[in-house]
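One structure is given here, and the rest of the page talks about it.
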Amino acid sequence: MQKTSGNIKNSSWNLANILLYPIAFLALTPFFINKLGEVDFGIWMLVNSYVYIAVNIISFGLGNSITAYVAEALGKGSNVKLQAYVNSSTKLIGWISMATILITILWSLLNLSGTEIFKDNLDKILIVATCVISVKFWELLYQSVLKGYERYDLA
C-alpha cells in the first residue's frame, strides 16, 4: 500500500510542477502588461518563445537521450560507458554552443556595421537572446545528466 501512496504523492508533485508555471504566468499577465506596456510585453514574449523553441529544436531531443543513456550506464554500473556518454554529449553541446555563439558574433558585427534586420533595437534584443540560447544548451546538458542519475531505474 505504501507504494501506491508514494506514487500518488509523486504524481501530484509532478502535476503541480507542470501546471504551476503556466497558471502563475497567466494570472500575472495583466500585471506584466500594465508594467511593461503592450509592445514591450510582446517583445518579451517573442524573445521567450525564440529562446524556448530554439533550444528545443536545435537540441534534437538530446536531453532525453542523455537522460536515458546516463540512466542505462548507472543501472549497469558501467563508469566507462557513463564517462563516454557524458564526454560525447559535452562535446556535441560544445559544438552546438560554439555555432550559436558564432551566429551571435556575426549578427553583432552586422549590427555594428549599421545593418539592422529588425527595427527598434529588436536586433540587439535577439542577439542577447541568442547568447542566452548558448548558455541554455549547457543547462540542458547538466539537467539531463542529473535526471539520468534520478532515473537509473530505466536501465
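The sequence shown runs contiguously to residue 182 in our numbering.
Cβ atoms here follow ideal geometry from the backbone N, Cα and C, with glycine treated the same way.
None of these values were measured; they are calculated from a predicted model.
Tell me where the alpha helix (DSSP H) around residue i begins and ends.
{"i": "PHE68", "result": "65 to 85"}
{"i": "LYS151", "result": "149 to 177"}
{"i": "THR142", "result": "Run containing THR142: none; DSSP gives neither H nor E here."}
Relative to the alpha-carbon of residue i, which residue among the options has its alpha-carbon at the smallest distance?
{"i": "ALA156", "options": "MET72, TYR48 and TYR112", "result": "MET72"}
{"i": "GLY121", "options": "LEU173, GLY175 and LEU167", "result": "LEU167"}
{"i": "ILE79", "options": "TYR169, LEU136, LEU153 and GLU99", "result": "It should be pointed out that residue 79 corresponds to Tyr in this sequence rather than to Ile. Nearest C-alpha to TYR79: LEU153."}
{"i": "VAL82", "options": "VAL97, ILE160, LYS108 and GLU177", "result": "ILE160"}
{"i": "VAL162", "options": "LEU89, LEU136 and ILE128", "result": "ILE128"}
Buried or exposed: which applies to residue i, given that a residue is buried once 16 or more other Cβ atoms fall within 10 Å of its Cβ?
{"i": "LEU42", "result": "exposed"}
{"i": "SER116", "result": "buried"}
{"i": "PHE164", "result": "buried"}
{"i": "MET28", "result": "Its pLDDT being 44, under 50, MET28 is placed unreliably in this model, and the coordinates cannot settle the point."}
{"i": "GLY12", "result": "Residue 12 lies beyond the range of the chain shown here (28 to 182); nothing can be said about it."}
{"i": "SER86", "result": "buried"}
{"i": "VAL107", "result": "exposed"}
{"i": "ILE123", "result": "buried"}
Looking at residue i: is its Cβ nearer than 8 Å to the Cβ of residue j?
{"i": "THR94", "j": "SER171", "result": "yes"}
{"i": "ASN138", "j": "LYS151", "result": "yes"}
{"i": "ILE60", "j": "PHE52", "result": "no"}
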